[in-house]
Amino acid sequence: MTLFPDVQKKAQAEIDAVVGPDRLPSFADRDSLPYVEALTKEVLRWNAVVPTGVPHRVMEDDIHDGYYIPKGSLIIPNIWFMLNDPRTYSNPSEFNPERFLANDGKGPEIEPRTICFGFGRRICPGLHLADASVWLSAAMSLAVFDVSKVVENGVEIKPEFDSTSGTISHPKPFKCSIKPRSAKALALIQQDAHY
Numbered sequence: 000m001t002l003f004p005d006v007q008k009k010a011q012a013e014i015d016a017v018v019g020p021d022r023l024p025s026f027a028d029r030d031s032l033p034y035v036e037a038l039t040k041e042v043l044r045w046n047a048v049v050p051t052g053v054p055h056r057v058m059e060d061d062i063h064d065g066y067y068i069p070k071g072s073l074i075i076p077n078i079w080f081m082l083n084d085p086r087t088y089s090n091p092s093e094f095n096p097e098r099f100l101a102n103d104g105k106g107p108e109i110e111p112r113t114i115c116f117g118f119g120r121r122i123c124p125g126l127h128l129a130d131a132s133v134w135l136s137a138a139m140s141l142a143v144f145d146v147s148k149v150v151e152n153g154v155e156i157k158p159e160f161d162s163t164s165g166t167i168s169h170p171k172p173f174k175c176s177i178k179p180r181s182a183k184a185l186a187l188i189q190q191d192a193h194y
């Protein structure tokens with residue numbers, strides 16, 4: 000959210016309108032928070048945790064895009080490319096949760112969860128837990144925290160997005176400011192910490 004303050008504000012406005020300031024969002028609120036749902040989808044699409052999928056073996060001879068793939072060949076899905084393919088996602092390098100909302104008579108773009116968790120028999124067995132955890136973490140964090148750029152010596156520091164390469168990808172460390180949105184938000188944080 001450090002890089003996308005407008006997205007943060009929209010999500011917080013939706014949470015404030017639906018949930019209010021007296022409690023944290025819960026799974027019961029998920030269907031009533033479409034922007035937060037779209038934000039979660041965009042998080043999963045924009046920076047795939049697993050950039051390449053689990054290898055699969057071809058069950059029978061096949062031809063794909065004019066290339067012959069013999070039975071028994073090992074294929075490794077390029078999940079990062081699938082989630083950043085401009086034929087599938089408009090302006091894929093742009094972080095844009097609205098792509099997953101129906102707008103101006105145009106339907107939402109392809110659901111990223113059908114890609115980012117893998118496919119077939121080797122689909123991630125923890126996909127429902129992971130998806131629920133990302134949604135709940137985002138909703139609860141946005142309800143009580145403002146995430147912003149750090150100011151050092153009077154200069155606002157804009158973090159550069161850079162992620163690790165390898166089997167598992169995650170953002171490299173960066174500086175940001177995380178503060179409670181209000182006194183009520185601080186009370187909710189303290190209450191939840193002692194739960």
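Per numbering that gives the first Met the number 0, the sequence shown runs over residues 0 to 194. Note that CB positions come from ideal geometry on N, CA and C, so glycine has one too.
Closer than 8 angstroms: residue i CB and nearest the ligand ZN heavy atom
i	result
P20	Among the components modelled here there is no ligand, and therefore nothing to report on the ligand ZN.
Of the listed residues the options, nearest to residue i (C-alpha basis)
i	options	result
V146	S181, S132, G52, G125	S181
G52	I167, H193, L185	I167
T87	K105, I109, N102	I109
A129	F116, C175, P4, I14	F116
S89	L73, T1, F173, P107	P107
P111	N102, C123, G119, M81	M81
F3	Q190, G165, H193, F160	F160
C175	V150, P20, K105, G71	V150
R22	E155, S72, K183	K183
F26	S136, V154, A192, E155	S136
D84	A101, S72, R44	R44
N77	H193, I177, G165, Q190	G165
Start-to-end residues for the alpha helix (DSSP H) that takes in residue i
i	result
E41	33-45
H193	Unbroken run through H193: none, as it is neither H nor E.
V17	4-17
Residue i and residue j closer than 9 angstroms at C-beta
i	j	result
A131	P24	no
V57	I75	no
P91	A37	no
V133	I188	no
F94	E59	no
H55	G119	yes
Cβ-based neighbour list, residue i, same chain, cut-off 7 angstroms, excluding 5 preceding and 5 following
i	result
S31	V17
T163	H169, K171
A10	Y34, V35, L38, L141
P179	V143, F144, L185, I188
K157	K148
Collapsed DSSP secondary structure at residue i in the structure displayed
i	result
S136	helix
N90	coil
P76	coil
I114	helix
F160	coil
N152	coil
H169	coil
I62	strand
K183	helix
I122	coil
N83	helix
Sequence-distant residues of the same chain with beta carbon closer than 6 angstroms to residue i, five excluded per side
i	result
W79	A47, P50
Beta carbon proximity, residue i to chain D, threshold 9 angstroms
i	result
D103	Included in the structure is just one protein chain, with no chain D present.
Residue range of the unbroken beta strand (DSSP E) whose run includes residue i
i	result
K178	176-179
S147	144-147
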